[in-house]
Amino acid sequence: MSPILDPYSLEVLTRGAEQTRRVGVRLGQLLRGGEVICLEGPLGVGKTVLAQGVGEGWGSTTPLLSPSFVLIREHRRAADAQRLLHVDFYRLRSEMDVQGLGLEEWLEDPAAIVLIEWPDRAPGVLPPQRLWVHLEFASEGGAEVSSLSRRRLLFTAHGDAYLPLLRALRRAIFGG
Ligand SMILES: Nc1ncnc2c1ncn2[C@@H]1O[C@H](COP(=O)(O)OP(=O)(O)OP(=O)(O)O)[C@@H](O)[C@H]1O
Ligand SMILES: [Mg+2]
Numbered sequence: 003m004s005p006i007l008d009p010y011s012l013e014v015l016t017r018g019a020e021q022t023r024r025v026g027v028r029l030g031q032l033l034r035g036g037e038v039i040c041l042e043g044p045l046g047v048g049k050t051v052l053a054q055g056v057g058e059g060w061g062s063t064t065p066l067l068s069p070s071f072v073l074i075r076e077h078r079r080a081a082d083a084q085r086l087l088h089v090d091f092y093r094l095r096s097e098m099d100v101q102g103l104g105l106e107e108w109l110e111d112p113a114a115i116v117l118i119e120w121p122d123r124a125p126g127v128l129p130p131q132r133l134w135v136h137l138e139f140a141s142e143g144g145a146e147v148s149s150l151s152r153r154r155l156l157f158t159a160h161g162d163a164y165l166p167l168l169r170a171l172r173r174a175i176f177g178g
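With my numbering, letter number 162 in the sequence shown gets 164, and the count goes up by one each step, no holes.
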């Protein structure tokens, strides 16, 4: 695990779902409200596992599930009136379907945090400022069984507003 020396991106390699969940917990603990976090990557790579960690770190009173048939799930926490919206665009047939979900209001709400799985299915609704997380299967080590649980998480700040968050996340994960 070595951090890339670029303020706009942070690479984390995980070995097992538990490590990915813990990275999410760190991120969730750092959220202040108003963040939009896009989780992009292939089926089964760990987007929901990461989102579950974020929900836990943020303090959600309800566990984040795999949204599947539900496009948006709203979560609360005991500490304050913030909301965490867990969005999954996997089943979206067209960007038109996003209309009527109220997502635009949530995206502008400074007291809401929006986590989006499959954001690439509705690029038109995403705000330009966001934290982008690309997840991929990291298969170095060839066909050995243990490589099945390796993932590469690449966090990228889209917009300078996300630089402090990325810096704090880097510190929380790697120290220093
Ligand atoms: N390093 C890892 N990080 C995350 N998940 C892992 C890792 N290693 C193995 N897994 C397993 O991979 C699966 C990831 O499932 P998850 O539902 O989070 O994927 P997803 O990206 O949300 O998929 P979908 O596109 O269907 O929503 C889980 O079964 C998890 O246990
Ligand atoms: Mg998922």
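Even for Gly, the Cβ is constructed at its ideal location relative to N, Cα and C.
The beta carbon of Val100 is closer than 6 Å to those of Ala124, Val127 in its chain, skipping five residues each way along the sequence. Here Glu110 carries a helix assignment [DSSP, helix/strand/coil]. Closest in alpha carbon position to Val89, among His77, Gln31, Met98, Asp82, is His77. In the three-state scheme derived from DSSP, where H, G and I count as helix and E and B as strand, Arg34 is classed as coil. Val14 is not a Cβ neighbour of Val27, given a cutoff of 8 Å. Straight-line spacing of the CA atoms in Ser151 and Leu41 works out to 18 Å. Annotation: the continuous beta strand (DSSP E) that includes Arg75 extends over 74-78. Inclusion of Gly55 and Lys49 in the CB contact set at 8 Å is not warranted, their separation being larger than that value.
When distances are taken from the beta-carbon of Arg17 to the heavy atoms of ligand 1, the shortest one is below 7 Å. For Arg132, the number of other beta carbons within 10 angstroms of its own is at least 16, and it is reported as buried. When the five nearest sequence neighbours on each side are left out, the beta carbons in the same chain lying within less than 6 Å of the beta carbon of Gln31 are those of Gly59, in order along the chain. Measuring C-alpha to C-alpha distances from Glu37 to each of Arg154, Glu138, Ala114 identifies Ala114 as the nearest.
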